[in-house]
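In terms of the working numbering, the sequence shown is residues 173 to 475.
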Amino acid sequence: MDPWLILYVTGFISMDLIGIPGNLFILFAFLHIFHHHGKVTMGEIILAELALSNLLVILTWGIPITLQTTGLIKVYKDIFCQINLYFYCIGRAMSVSITSILGCFQCVSITPTAKLCLPLKRKFLDHLYAILVLLWIFNLIVSSTRLLYSTVSLKNVTSPYVLSYSYCFVIFPSYLVYLGNGVIYVVRDLFFLSLMMLTSGYLLHVFYNHRKQVKCIQVYMNKHAEIQAAKAVLTLLIMYIISFGLDNVFWIITLYAYKWSHRITEARIFFDSCYSAISPVVIILTNKKIQMGLRCSKKEKKP
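Now the structure itself:
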């Protein structure tokens with residue numbers, strides 16, 4: 173067997189085994205917290221949405237590719253391809269969007285409550301629910317091209333504007349639609365990547381000042397938990413920038429090169445999903461509420 177194929181299959185199987193239970197644990201932990209306390213914080217809602225988005229990515233992307241590459245399922249039907257790819261694109265888009273929003277939320281949380289900053293903080297927090305809903309609506313609409321143009325076969329296809337998604341193909345009717353769709357995807361991702369870089373820079377600045385002048389920073393960051401939460405978010409931001417940054421480099425190349433190396437496409441597919449599997453591990457290891465929720469649920473099961 174080809175060593176590349178072995179590595180590729182092993183990578184996706186590992187991703188499924190880590191990502192699915194990891195994201196389910198996060199959702200279960202927050203449901204447990206809500207059940208016992210009757211409420212969850214905004215930060216916990218954002219993390220829960222991130223876990224849901226990551227779970228969508230793995231269920232609609234990691235598992236189908238694993239089943240196909242291992243030979244358990246050789247060919248999918250068009251309807252499966254269309255629905256699966258649609259929800260995958262929604263999950264991926266929400267993953268980048270919510271990670272960016274999480275970074276903004278963390279920056280707002282540790283920003284000093286000065287008179288100039290307070291109105292901006294209030295506006296952001298007051299409109300956060302609306303922002304999250306609008307992001308879902310926007311990505312549901314933008315991803316609709318996958319419902320319209322997806323197929324599992326390239327037979328009788330005359331259009332050269334095709335995007336390969338391993339087990340599925342998106343056939344665009346014209347270059348204008350092909351390029352327009354690609355530009356929207358790239359601009360959206362670059363916008364959120366830029367936002368992540370800004371928030372990462374701010375958090376690094378905060379940590380630098382915290383090391384340099386601990387007493388000064390304690391005026392607006394007097395809890396150790398806040399520092400740990402900010403570090404966890406920074407880790408997620410850096411992970412996303414690396415993972416999806418590589419994916420977007422490959423995406424830009426495919427816009428101008430229709431016939432590209434199959435292995436480069438497979439590498440893009442793998443990097444596209446890495447964040448969804450690794451991020452729940454970071455969240456679980458750094459979030460004490462999730463750890464406590466899991467411990468409490470285990471104690472309740474004991475007689």
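Even glycine gets a Cβ: it sits at the ideal position worked out from N, Cα and C.
query, result
"Is the distance from the Cβ of Leu367 to the Cβ of Gly263 below 8 Å?", "no"
"Determine the burial state of Asn328: buried for a count of at least 16 other Cβ atoms within 10 Å of its Cβ, exposed for fewer.", "exposed"
"Using the Cα positions of Ile245 and Met464, report the straight-line distance between them to the nearest angstrom.", "40 Å"
"Identify whether Val454 lies in helix, strand or coil by the three-state DSSP scheme.", "helix"
"Where does Ile198 fall in DSSP's three states?", "helix"
"Please identify the residue among Leu292, Tyr339 and Lys211 whose C-alpha is closest to the C-alpha of Ile255.", "Tyr339"
"What did DSSP end up calling Leu326 once you bin it into helix, strand or coil?", "coil"
"Taking its Cβ as the centre, do 16 or more other Cβ atoms sit within 10 Å of Ser186, making it buried, or is it exposed?", "exposed"
"For Val355, count neighbouring C-beta atoms within 10 Å of its own C-beta (all shown protein chains included) and say buried if the count is 16 or more, exposed if not.", "exposed"
"Hey, quick one: how far does the beta strand (DSSP E) through Val212 stretch, first residue to last?", "Run containing Val212: none; DSSP gives neither H nor E here."
"Relative to the C-alpha of Leu408, which candidate in Met369, Ala439 and Trp233 has its C-alpha closest?", "Met369"
"Take the Cβ of Leu177 as the centre, count every other Cβ of all protein chains shown within 10 Å, and call the residue buried at 16 or more, exposed below.", "exposed"
"Given Val334, which residues of its chain have a CB within under 6 Å of its CB, disregarding the five upstream and five downstream residues?", "Phe341 and Ile343"
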